[in-house]
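Each remark here refers to the structure printed beneath this line.
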Amino acid sequence: MSIARHPRAAEVADLSLEEIAARYVARFRDRKADWAAFEDAKIEGFKRAQHRFIGAGGSGKHGDAAVIPPRGFTLSIMYVEPGQGNAAHTHEVEEVFFVLQGHLTAFIQDESGRRLDIRLGPWECIACPPGVIHGYINESLEPVYFQVMLGLK
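The numbering used here numbers the first residue of the sequence shown as 291 and each following residue consecutively.
Shown next as structure tokens:
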């Protein structure tokens with residue numbers, strides 16, 4: 291069986307495997323819960339913590355040296371306690387919510403305000419296309435951890 295070979299990206303072309311691993315491996319135990327990643331996270335009902343792995347996600351915290359540099363997408367883990375969530379919003383790029391632990395009510399909404407709630411459990415996801423109003427709330431009695439992937443422009 292042959293293995294496809296592609297040239298290394300310029301930023302890793304001259305790095306050893308150890309150097310690549312040091313820069314491109316991120317562990318949850320090393321991530322800090324950022325309760326101020328989003329401006330509205332200070333408001334009751336919108337409190338949530340972001341654990342950044344690849345890029346800044348939607349936080350705008352692009353100077354975080356602890357994250358893996360993004361190329362085509364960002365990846366974060368969100369921690370949301372019961373009764374908390376985020377406000378309806380849109381992006382110019384696709385955003386994915388993938389539940390790891392717990393239950394999350396994601397929603398999509400049209401311009402008239404009509405909203406469709408989608409309850410997600412572990413190993414379930416929603417992909418929100420660019421420009422579609424969306425958000426989430428934890429309506430369960432337990433905290434939820436979920437992965438967020440956000441495309442880059």
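For every residue, glycine included, the Cβ atom is placed at its ideal position computed from N, Cα and C.
Distance, residue j Cα to residue i Cα
{"i": "residue 375", "j": "residue 425", "result": "8 Å"}
{"i": "residue 339", "j": "residue 307", "result": "32 Å"}
{"i": "residue 395", "j": "residue 437", "result": "14 Å"}
{"i": "residue 299", "j": "residue 354", "result": "22 Å"}
{"i": "residue 242", "j": "residue 364", "result": "Outside the shown range of the chain (291 to 443) lies residue 242, about which nothing can therefore be said."}
{"i": "residue 400", "j": "residue 432", "result": "29 Å"}
{"i": "residue 379", "j": "residue 318", "result": "27 Å"}
{"i": "residue 369", "j": "residue 328", "result": "13 Å"}
{"i": "residue 293", "j": "residue 381", "result": "37 Å"}
Range covered by the alpha helix (DSSP H) that runs through residue i
{"i": "residue 307", "result": "307-314"}
Contact belief for residue i with residue j at Cβ below 8 Å, rounded distance in angstroms
{"i": "residue 377", "j": "residue 336", "result": "6 Å"}
{"i": "residue 440", "j": "residue 347", "result": "6 Å"}
{"i": "residue 392", "j": "residue 430", "result": "6 Å"}
{"i": "residue 367", "j": "residue 316", "result": "Going by Cβ atoms, the distance from residue 367 to residue 316 rounds to 10 Å, so no, they are not a contact pair."}
{"i": "residue 360", "j": "residue 383", "result": "Residue 360 to residue 383, Cβ: 12 Å. No contact."}
{"i": "residue 414", "j": "residue 389", "result": "5 Å"}
Residue i vs residue j beta-carbon contact at 9 Å
{"i": "residue 398", "j": "residue 434", "result": "no"}
{"i": "residue 349", "j": "residue 324", "result": "yes"}
{"i": "residue 386", "j": "residue 417", "result": "yes"}
{"i": "residue 442", "j": "residue 345", "result": "yes"}
{"i": "residue 302", "j": "residue 295", "result": "no"}
Limits of the beta strand (DSSP E) - the one that residue i falls within
{"i": "residue 302", "result": "That residue, residue 302, is in no beta strand (DSSP E); it is neither H nor E in DSSP."}
{"i": "residue 366", "result": "363-370"}
{"i": "residue 395", "result": "394-399"}
{"i": "residue 391", "result": "385-391"}
{"i": "residue 341", "result": "339-344"}
Near the ligand FMN: residue i beta-carbon under 8 Å from a heavy atom
{"i": "residue 291", "result": "Among the ligands in the structure shown, none appear at all, so the ligand FMN cannot be discussed."}
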